[in-house]
Each structure stands twice: as structure tokens, then as C-alpha cells.
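Working notes, structure below.
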Amino acid sequence: MIRVPELDELCEAIANKSALVAGHAAAGRYGALECRRCQIGGMLELARRLDDHRLVRFLEAHKDALGRLMETE
6 MIRVPELDEL CEAIANKSAL VAGHAAAGRY GALECRRCQI GGMLELARRL DDHRLVRFLE
66 AHKDALGRLM ETE
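Take any residue in the sequence shown, note its place counting from 1, add 5, and you have its number in our numbering.
What follows is the structure, encoded as C-alpha cells:
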């Protein structure tokens, strides 16, 4: 299991990367968000296999937030 400070940094890095993707893809924003959502899905599967419940919850919430953002496009 990932130690808490490391997990917090990891979650912050994932969120920052998603924000960067959303901010730089003006013309193809929907596609970029869809791609990022798929990437998060892969991370989610890995977190489940690692049995890291806190990371799973974060990634599920993040994936849902990206889905809601895609709906506004």
C-alpha cells in the first residue's frame, strides 16, 4: 500500500495532469478528455489490483468528474 504523503502527491499529480489536458485541448477537448478518462480507467484497474482502497476511491471520483466535464462539451 502507498504511504499517505506519497498517495496525496500522486493524487495531486493525476489531477494536475487532467487539468492540463483539459486546458490545452480547446478544439479537440472532448476527445482529449475522453482519452484522459480512459487513462484514469487503466489506473483504476491497477489500483484495484493493488488493493489500495483510498486510491481507488480517488480515481473513481476523478473519472466521474471527467465524465461530467465531457457532458458539458
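We put the beta carbon where it would ideally sit given N, CA and C, even for glycine.
Worksheet item: How many angstroms separate the CA atom of Val26 from the CA atom of Leu38?
Response: 7 Å
Worksheet item: What number of angstroms, rounded off, separates the C-alpha of His67 from the C-alpha of Ala24?
Response: 11 Å
Worksheet item: Roughly how many angstroms separate the alpha carbons of Leu64 and Arg41, rounded to a whole number?
Response: 12 Å
Worksheet item: Between which two residues does the alpha helix (DSSP H) harbouring Asp69 extend?
Response: His58 to Glu76
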